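Worksheet: one structure, shown below.
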Amino acid sequence: MKRLLAWAAAALLISGCAAPAPPQQSVPAASGPAETPSPAEVQTLSSGSAATGKNAAVSSANPAASAIGAQILQRGGNAVDAAVAVSFALGLLEPNASGVGGCGYAVYVPAVGEPAFYDYRSAAPAAFDPGAFTALPAEEQKHSVAAAGVPGAVAGWLSLHEQYGRLPLDELLEPAIDLSENGFEVLPFLASLFTDNYNLLLKDESCAALLLNDDFPYMEGEVMKNPGYAKTLRKIAAEGRDGFYQGEIAEAIVSASSARGGTMTLEDLASYEVRVGKPLEGNYRGFTILTSAPSSSGGIALIESLNLLERCDLPASGVNTPLTLHRMGEAFKIANADRYSYEGDPAFTDIPTEMLISKEYADERAALLSDERVLSDLEVLPDNQSTSTTHLSIIDAEGNAVSMTNTLGTYFGCAVAVDGWGFLLDNQLHDFSIEEWEANAPEPGKRPRSSMTPTVLLRDGKPVAALGSPGGEAIVSTVAQIICDLVDFGMPVDEAINLPRIYQNCTGPLVVEGGHAESTLSGLEALGHTLQRREELDYFFGGVHAVVRNADGTLTGAADPRRDGGVCAY
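As structure tokens, then:
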């Protein structure tokens, strides 16, 4: 408990972790001692707000996780150290969205040196049977162990840390271990998910034992503990990658899978490989865009969307006007059509990446755009034919930036826990397409296509923003809208995140968030859009976590009010 209280006290010394600070105001770290708070106080730090500091900023899906990241930075760690510590903490604090049983992508942009992209997406086991999988009822394709992929999260985080981290691994895992054993307060969004998904959590005894409170949902403000997760983290801290992918934990994962008819083996776990390469690079109105490469399809779709929007005078058409939203929706429609047609796992599919992100291809596709009418479904087709995720963004005092998106798939993954070890398996195989001819068709060893889009913006070669979002298919359009709000309209990052959004797939209605003016919605309908209306601040549209460098050199982090996010800056 003493270690937990020490971490909590240190976290509250970070000025941006308490009440929201004005976006452009610099607030230095306190110099005197702080009164030691309780663990519950640590959990009630600023949520859905912005904080600004001179040195560094951390934005993630939980205030306590952001506080851990900021404290790692103050203890001499860099952005990678903080990202790894935050990710392991979120596996505890946000069990619906990410964890060691899941996967993700990371874009790392150092202040000096070459940027890197880490693909640690889950993969289908070697004995995976595509025919048997696609023959399952839709619910079993989603919420059974048949959907569990070989998890890549631990391999990805540790690989990133080994290459670029500074502090020892056990120091990064210490705060999450303490919270696992001593407990953390359940925040409103997580409490609502426990209630909304109660029947799912009850289906499997392992999941119910891990995430329910004597078979009842945890309520907001209750304290939740997970000693099994602390056991897992201690094993990883002592043995590194082998502590998870071999030995007791690996055997427990295989046991959890095989007991329910799954096909994962010890060899699948031991042979998992992280793919390390370069992020995709685009350019939008003078800003360099570094984003996720395949097996994620999000980066290609983001760059293509921005290339199309670059051909429109958005500043002239205005913020969230009918014409601006129409142009955005039509660009997203075209980019999504290309994404579904061309993209999959690059180890299995020849993806024309350079063509899809080129300005020349955007010129060709932009010829379809019209300010007077809506494109039909057939018009957007090229010539040849997940909701629960988390994101964190960090820029440190040296100017290094990390944008990382992690996931379990849909909420609570396949809802199967690994007994005694405190974590869930994901349901990433549900992201495969069911048609054999598609680039994203299921195959053994293959990584399903993803929408995750961790992104860093550069100006004059230096990182000026790190951002990303959960939200499944809505991730790309959400990230693109935030970039347009920052670049085209010069909005403060918290205002950009709070602005109501839209989502447009390659077919179907234009989905609009509550908060748009009625005159705007009428204008969209007059252009031919069929609208699907959702609530204000609806988590369907993601949960953006971003850090932006201001003109005066300070850093502002902002968290999305649509979820339980929090920000720390100093």
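Residues in the sequence shown are numbered consecutively from 1, following the working numbering. Where a beta carbon is used, it is the ideal one built from N, C-alpha and C, also for glycine. The model shown is predicted, which means the values in this text are computed figures rather than measured ones.
Checklist line | Complete runs of the beta strand (DSSP E) confined to the region 423–467 [at least 3 residues] | finding: 455–459 and 462–467
Item checked: Buried versus exposed call for F432 [16 or more other C-beta atoms within 10 Å across all chains shown] -> buried
Check: Considering only the beta carbon of each residue, do L92 and L160 sit closer than 7 Å?
Finding: Not in contact: L92 and L160 (Cβ atoms no closer than 7 Å).
Margin query: According to DSSP, simplified to helix, strand and coil, what is S258?
Written below: helix
Next item on the list: Compute the Euclidean distance between the alpha carbons of A496 and V479, then round it to the nearest angstrom.
Entry: For A496 and V479, the distance between alpha carbons rounds to 11 Å.
Item checked: Any 3 or more C-beta pairs closer than 8 Å across the region 60–76 and the region 142–149 -> no
Note to self: Check for me: the alpha helix (DSSP H) holding V479 runs from which residue to which?
What the structure shows: I475 to V487
Check: Would you say N307 and K359 are within 7 Å of each other, going by their C-beta atoms?
Finding: yes
Notebook entry, point to check: Based on Cα-Cα distance, which residue from Y342, T321 and L325 lies nearest to A301?
Noted result: The candidate whose alpha carbon is nearest that of A301 is Y342.
Item checked: Identified DSSP bridge partners for V547 -> Answer by DSSP bridge pairing, in chain order: A466 and G557.
Next item on the list: Kindly indicate which three-state DSSP category V418 falls into: helix, strand or coil?
Entry: strand
Next item on the list: Give the straight-line distance between the Cα atoms of H391 and A259, rounded to the nearest whole angstrom.
Entry: Their Cα atoms are separated by approximately 32 Å.
Notebook entry, point to check: First and last residue of the alpha helix (DSSP H) that includes F194?
Noted result: P188 to D196
Next item on the list: Could you give the DSSP three-state label for G91: helix, strand or coil?
Entry: G91: helix per DSSP, three-state reduction.
Notebook entry, point to check: Exposed or buried, what is R327 when buried is set at 16 or more other beta-carbons lying within 10 Å of its beta-carbon?
Noted result: buried
Next item on the list: Could you give the DSSP three-state label for T44: helix, strand or coil?
Entry: For T44, the predicted structure reports a pLDDT of 29, less than 50, and the residue's modelled location is therefore unreliable. A value from the coordinates is still provided. It is coil, neither helix nor strand.
Check: Taking R373 as the reference, which of G104, R339 and G329 has the closest Cα?
Finding: G329
Notebook entry, point to check: Which one of T455, A191 and E536 has the shortest CA to CA distance from P115?
Noted result: T455
Check: Should P500 and Q532 be called a contact, given that it needs their Cβ atoms to be closer than 7 Å?
Finding: Cβ atoms of P500 and Q532: not closer than 7 Å.
Item checked: Supposed close pair G565, G543 - CB separation, criterion 8 Å -> 6 Å
Check: Does DSSP classify C103 as helix, strand or coil?
Finding: In the structure shown, the three-state DSSP call for C103 is strand.
Note to self: Between A56 and I395, how many whole angstroms is the CB-CB distance? I'm expecting something under 8 Å.
What the structure shows: 6 Å
Check: Between D363, F348 and G344, which lies nearest to A331 when the distance is taken from Cα to Cα?
Finding: D363
Notebook entry, point to check: According to the Cβ coordinates, are R311 and A366 closer than 7 Å?
Noted result: Contact: yes.
Checklist line | Those residues which DSSP pairs with M224 across a bridge | finding: F184
Next item on the list: Under the assumption that L605 contacts K333 (Cβ atoms under 8 Å), give the Cβ distance between them as a whole number of angstroms.
Entry: Residue 605 lies beyond the residue range present for the chain, which begins at 1 and ends at 570; the question has no answer from this structure.
Checklist line | Buried/exposed call for R285, threshold 16 Cβ in 10 Å | finding: With fewer than 16 Cβ atoms within 10 Å of its Cβ, R285 is classed as exposed.
Next item on the list: Give every residue of the same chain whose Cβ lies closer than 6 Å to the Cβ of P22, excluding the five residues on either side of it in the sequence, and list them in chain order.
Entry: Unreliable placement is indicated for P22, whose pLDDT of 31 sits below 50; the coordinate value is still reported in the next sentence. Excluding sequence neighbours, P22 sits near nothing in its chain.
Margin query: Can you tell me whether A569 is helix, strand or coil according to DSSP?
Written below: strand
Check: Should E273 be labelled buried (16 or more other beta-carbon atoms within 10 Å of its own) or exposed?
Finding: exposed
Notebook entry, point to check: Per DSSP, what kind of secondary structure is Y284 in: helix, strand or coil?
Noted result: strand
Check: Is the region 548–562 close to the region 406–415, with three or more CB pairs under 8 Å?
Finding: no
Checklist line | Sufficient close CB pairs (3 or more, under 8 Å) joining the region 445–463 to the region 280–296 | finding: yes
Next item on the list: Give the DSSP-derived three-state secondary structure of S393 in the structure shown.
Entry: Looking at S393 - three-state DSSP - the assignment turns out to be strand.
Next item on the list: List the residues that DSSP assigns as beta-bridge partners of T405.
Entry: Bridge partners of T405: Y105 and H391.
Next item on the list: Might you give, ordered along the chain, the residues of its own chain that have their beta carbon closer than 8 Å to the beta carbon of S317, omitting 5 neighbours on each side?
Entry: L323, T324 and R327
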